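Residue numbers are given in this note's numbering: position 116 of the sequence shown equals residue 152, and the series is strictly consecutive. Positions of the beta carbon are idealized from the N, C-alpha and C atoms, including for glycine. Please read all numbers here as calculations on a predicted model, not as lab measurements.
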Amino acid sequence: MRKPTATRPRKSLKAESATAPDTSVRGVAKKTPRRRIAAKDPIALLRKAVLKALDDGKGIDVVVLDVRSLCSFTDTMVIVTGNTGRQVNALVERVIEGALTLGIKPIGVEGRESSEWVLVDFADIVVHVMQKDARQLYELEKLWSELPADGETATPS
């Protein structure tokens with residue numbers, strides 16, 4: 037037979053000023069600490085929300101490109117394929133909803149009318165949701181990943 041061991045009280049998760057109401061047995065509200073999401077890197081949180089939305093929506097062939105060294109208008113490009121126009125629109129809606137849960141609104145959404153290629157611009161992250169034919173035609177991965185070797189300049193052919 038085991039002896040009962042003394043337990044130490046748990047340390048509470050203290051947030052600086054965030055508290056959530058909690059009800060006791062009698063229904064009297066008391067304040068208990070609420071866990072805060074570390075908002076040290078909102079871009080990382082947005083990226084995670086975008087990728088989760090695309091995964092939940094069954095996006096195909098998701099590619100994430102770091103383009104910080106290639107352009108000044110964004111840091112990350114996310115490219116994903118949807119089978120149909122309906123799936124493309126559903127993926128776009130999921131991405132926007134995921135960002136809105138973080139309090140982030142897109143700067144712009146282009147191409148919703150055609151549903152062949154829809155671009156969702158969050159400034160630091162640009163999401164391209166494309167149907168298969170458009171993705172094969174424009175080859176964005178190839179365009180944004182091909183760099184000339186050091187010392188060379190890109191020349192049009």
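Looking only at C-alpha atoms, which of Thr120, Glu175, Pro142, Ile143 sits nearest to serine 150?
What you label residue 150 is simply residue 114 of the sequence shown in a count that begins at 1. Among Thr120, Glu175, Pro142, Ile143, the Cα nearest to that of serine 150 belongs to Thr120.
My assumption, with CB atoms under 8 Å, is that alanine 159 sits in contact with threonine 110. Please give the rounded CB distance.
Sequence index remark: in the sequence shown, residue 159 carries index 123 (1-based). Sequence index remark: in the sequence shown, residue 110 carries index 74 (1-based). Between threonine 110 and alanine 159 the Cβ distance is about 7 Å, and since that is below 8 Å, they are a contact.
Put leucine 90 into one of helix, strand or coil per three-state DSSP.
By one-based count along the sequence shown, residue 90 stands at place 54. If DSSP states are grouped into helix, strand and coil, leucine 90 belongs with the helices.
Closer than 8 Å by C-beta to leucine 138: which residues in its own chain qualify, once you throw out the five before and the five after it? Chain order, please.
In the sequence shown, counting from the first residue as 1, residue 138 sits at position 102. Around leucine 138: Pro78, Leu81, Leu82, Ala85.
What's the gap between the Cα of valine 162 and the Cα of isoleucine 140?
Translated into the one-based positions of the sequence shown, residue 162 becomes position 126. Translated into the one-based positions of the sequence shown, residue 140 becomes position 104. Approximately 13 Å, taken between the alpha carbons.
Return the chain-ordered list of same chain residues with a C-beta closer than 7 Å to the C-beta of aspartate 92, the five sequence neighbours on each side being excluded.
For the purposes of this step, residue 92 is taken as residue 56 along the sequence shown, with counting starting at 1. If we look at aspartate 92 and ignore the five residues flanking it on each side, its Cβ neighbours are Arg130.
Do valine 98 and leucine 90 have their C-beta atoms within less than 7 Å of each other?
Locating residue 98 in the sequence shown gives position 62, where the first residue counts as 1. Locating residue 90 in the sequence shown gives position 54, where the first residue counts as 1. Their beta carbons are under 7 Å apart, which means valine 98 touches leucine 90 by this criterion.
Taking the C-alpha atoms as reference points, what is the distance between arginine 171 and valine 128?
Along the sequence shown, read from residue 1 onward, the residue named residue 171 stands at position 135. Along the sequence shown, read from residue 1 onward, the residue named residue 128 stands at position 92. If I take the Cα positions, the gap works out to 16 Å.
Under the rule that 16 or more other beta-carbon atoms within 10 Å means buried, what is isoleucine 143, buried or exposed?
To locate residue 143, count along the sequence shown from 1; it is residue 107. It is exposed - the Cβ of isoleucine 143 has fewer than 16 other Cβ atoms within 10 Å.
Helix, strand or coil: which one does DSSP assign to leucine 106?
Numbered from its first residue, the sequence shown carries residue 106 at position 70. Three-state DSSP puts leucine 106 in coil, outside helix and strand.
Less than 7 Å between the C-beta atoms of alanine 166 and threonine 112, yes or no?
Walking along the sequence shown from the start, residue 166 turns up at place 130. Walking along the sequence shown from the start, residue 112 turns up at place 76. The amino acid occupying residue 166 in the given sequence is methionine; alanine does not appear at that position. Not a contact, by the Cβ cut-off of 7 Å.
Closer than 6 Å by C-beta to leucine 179: which residues in its own chain qualify, once you throw out the five before and the five after it? Chain order, please.
One-based indexing of the sequence shown puts residue 179 at position 143. There are no such residues.
In this structure, does DSSP put leucine 101 in helix, strand or coil?
Along the sequence shown, read from residue 1 onward, the residue named residue 101 stands at position 65. Leucine 101 falls in the strand class under three-state DSSP.
Between which two residues does the beta strand (DSSP E) harbouring aspartate 169 extend?
As a first step, residue 169 is located in the sequence shown; it is residue number 133 there, counting from the start. Segment 168-174 is the alpha helix (DSSP H) holding aspartate 169; no beta strand (DSSP E) there.
Short check: CB of leucine 155 to CB of histidine 164, under 7 Å?
Working through the sequence shown from its first residue, we reach residue 155 at position 119. Working through the sequence shown from its first residue, we reach residue 164 at position 128. Yes, the Cβ-Cβ distance between leucine 155 and histidine 164 is below 7 Å.
Sort out for me which residues DSSP pairs glutamate 177 with in a bridge.
Locating residue 177 in the sequence shown gives position 141, where the first residue counts as 1. DSSP lists no partner for glutamate 177.
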